[in-house]
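Enquirer: There's a structure below that I have some questions on.
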Amino acid sequence: MNLGIVGATGAVGVEIIKLIQKRNIKYDSLSLFASKRSVGKKFIINSIEYVVHELKEDVFNSLDYAIFSIGSSLSKKYIEIANLYGCVVIDNSSAFRMDPDVPLIIPEINANIIKKCDKIIANPNCSTIILNIVIAPIHKINPIKKIVVSTYQAASGAGLRAMEELKSQAESYCNNEEYDTRIFGRQYIWNAFSHNSSITENWYNEEEMKMVNETKKIMKDDNLKISATCVRIPVLRAHCESVSLTLENNIDIEKIYEVLKEAVGVKILDDRKNNIFPEPLIVSGKNDVYVGRIRKSLINKRTLELFISGDQLLKGAALNAIQIYEYLTYL
Ligand code: A2P
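Its first residue numbered 33, the sequence shown is counted upward by one per residue in my numbering.
Here it is, written out as structure tokens:
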């Protein structure tokens, strides 16, 4: 079990490193990789100093497993090489998610479909994970027929530099200075804007289509009716989602509560008296995805409304990947 973290210096990579310590992850050797820029950076993990190395093709020669968080074009290039060297890859990017031969895994939902011979295991998109972990248990007791979801997404999904840009804009606002807009090309602080991914042929953006296609794959239902609107809000690291689910049968709200209460990785926060529901500052740093505003829709008896918030860097990325690694090493 020689493990490599590829993209160790990024927003997700750093969280993976923290989780390796926190969860006492097992490995025989651990190696950290990033771009040339980060060579020589050091991390202390379980009291041992690890130096970051440059990612090169031959590093996979000595690795059994690698967790990638370097974006899809680099993933496409290096994962094939890693596999040629016999290294199994857990990939955070979208590069292989829709490949029919690659399992798309949220361990609480479908770890059982991982096979020993799988060479790539894909981590779903962060918004997809946060949505699916909450709706999967509901689907089991009352099948979901239609999903309408709107996201309120944090800077972290666009990486460390995007988080830095938001922080720097906060400082610039206080100092009455010009904003650095290199990542998003606009003022981010005090603003909300349609997700920065490209608009596709059908006028949905790529992030929205990731949610749509990946949810269908995870739920194993190509005919599922699902539509998404993805928006960035000036929050550092946790996403929110407003979700409207139309179910097959009339809603028994007590049963919905019961099933969400039992769901692994999900926590109900639905304090109507004090008006406290899931919000980014409450869920940041937490493993569970929080759900609240659980209510029957005014539209019809089969529609359920929810509001979800989950740490994009943890369950939306690093934690999910580490859970997959834990599962693989127990197989
Ligand atoms: P680096 O920090 O050296 O740029 P984020 O999504 O937070 O921006 O993180 C991206 C991660 O991918 C970082 O660890 C980054 O390393 C790494 N990365 C970016 N470009 C390359 C590259 N050409 N080769 C290897 N790693 C890269």
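Positions of the beta carbon are idealized from the N, C-alpha and C atoms, including for glycine.
On the DSSP bridge assignment, give the partners of ASN56 in chain order.
Expert: Its beta-bridge partners do not exist; DSSP assigns none.
Enquirer: Tell me whether PHE92 sits in a helix, a strand or coil according to DSSP, three-state version.
Expert: In this structure, PHE92 counts as helix in the three-state DSSP scheme.
Enquirer: May I ask you to verify whether the segment 335-346 touches the segment 142-154, counting CB pairs closer than 8 Å and requiring at least 3?
Expert: No, the segment 335-346 is not in contact with the segment 142-154.
Enquirer: Out of LEU313, LYS305, ILE300, ASN307, which one is the CA nearest neighbour of VAL321?
Expert: Ranking the options by Cα distance to VAL321, first place goes to ILE300.
Enquirer: Quick check: the Cα distance between LYS50 and LYS252, rounded to an integer number of angstroms?
Expert: Roughly 33 Å separates the two Cα atoms.
Enquirer: With a CB to CB cut of under 8 Å and the five nearest residues on each side skipped, what residues in its chain are close to ASN319?
Expert: So the list reads GLY297, ASP343, LEU346, LYS347, LEU351, once near-sequence residues are dropped.
Enquirer: Any idea which residues DSSP pairs LYS178 with across the strands?
Expert: Partner(s): LYS257, THR278.
Enquirer: Tell me which residue opens and which closes the alpha helix (DSSP H) that ASN319 is part of.
Expert: Neither: ASN319 is in no alpha helix (DSSP H) and is coded neither H nor E.
Enquirer: Closest by CA to ARG325, which one among SER79, ALA114, CYS272, ASP254?
Expert: Of SER79, ALA114, CYS272, ASP254, the residue nearest in Cα terms is CYS272.
Enquirer: Buried or exposed: which applies to THR183, given that a residue is buried once 16 or more other Cβ atoms fall within 10 Å of its Cβ?
Expert: THR183 comes out buried.
Enquirer: Determine the contact status of GLU81 and PRO175, defining contact as a CB-CB distance below 8 Å.
Expert: No, the Cβ-Cβ distance between GLU81 and PRO175 is not below 8 Å.
Enquirer: Rounded to a whole number of angstroms, what is the C-alpha to C-alpha distance between PHE309 and VAL180?
Expert: Whole-angstrom Cα-Cα distance: 20 Å.
Enquirer: Do ASN164 and ILE137 have their C-beta atoms closer together than 8 Å?
Expert: It is not a contact, given that the beta carbons lie outside the stated cut-off.
Enquirer: What does a CB cutoff of less than 7 Å around SER229 pick up in its chain, not counting 5 residues either side in sequence?
Expert: Here the set comprises ASN237, GLU238, GLU239.
Enquirer: Write down the C-beta distance between MET33 and TYR97 rounded to the nearest angstrom, noting that I regard them as a contact closer than 8 Å.
Expert: Right, the Cβ-Cβ distance comes to about 7 Å (below 8 Å), so this counts as a contact.
Enquirer: Between the segment 81-92 and the segment 54-70, are three or more C-beta pairs nearer than 8 Å?
Expert: Yes, they touch.
Enquirer: Closest to GLU314 by C-alpha separation, out of ASP150, TYR110, VAL267, ALA190, would be which residue?
Expert: Reading off the sequence shown, one finds Ile at residue 314, where the question assumed Glu. It is VAL267.
Enquirer: Could you check whether LYS178 and LYS257 sit closer than 8 Å to each other, using their CB atoms as the reference points?
Expert: Their beta carbons are under 8 Å apart, which means LYS257 touches LYS178 by this criterion.
Enquirer: Mind checking which residues open and close the beta strand (DSSP E) that includes THR335?
Expert: Here the beta strand (DSSP E) through THR335 covers 335-343.
Enquirer: Please confirm whether ILE77 and TYR357 have their CB atoms less than 8 Å apart.
Expert: No, the Cβ-Cβ distance between ILE77 and TYR357 is not below 8 Å.
Enquirer: Just to confirm the assignment, what range does the alpha helix (DSSP H) spanning LYS172 have?
Expert: Taken as a continuous stretch (DSSP letters only), the alpha helix (DSSP H) holding LYS172 covers 158-173.
Enquirer: Can you tell which of CYS262, ILE170, ASN157 has the C-alpha that lies nearest to the C-alpha of ASN282?
Expert: Of CYS262, ILE170, ASN157, the residue nearest in Cα terms is ILE170.
Enquirer: Could you tell me the boundaries of the beta strand (DSSP E) in which LYS74 lies?
Expert: LYS74 -> beta strand (DSSP E) spans 74-77.
Enquirer: Could you spell out where the alpha helix (DSSP H) holding TYR82 opens and where it closes?
Expert: Where TYR82 is concerned, there is no enclosing alpha helix (DSSP H), although the beta strand (DSSP E) it sits in stretches over 80-86.
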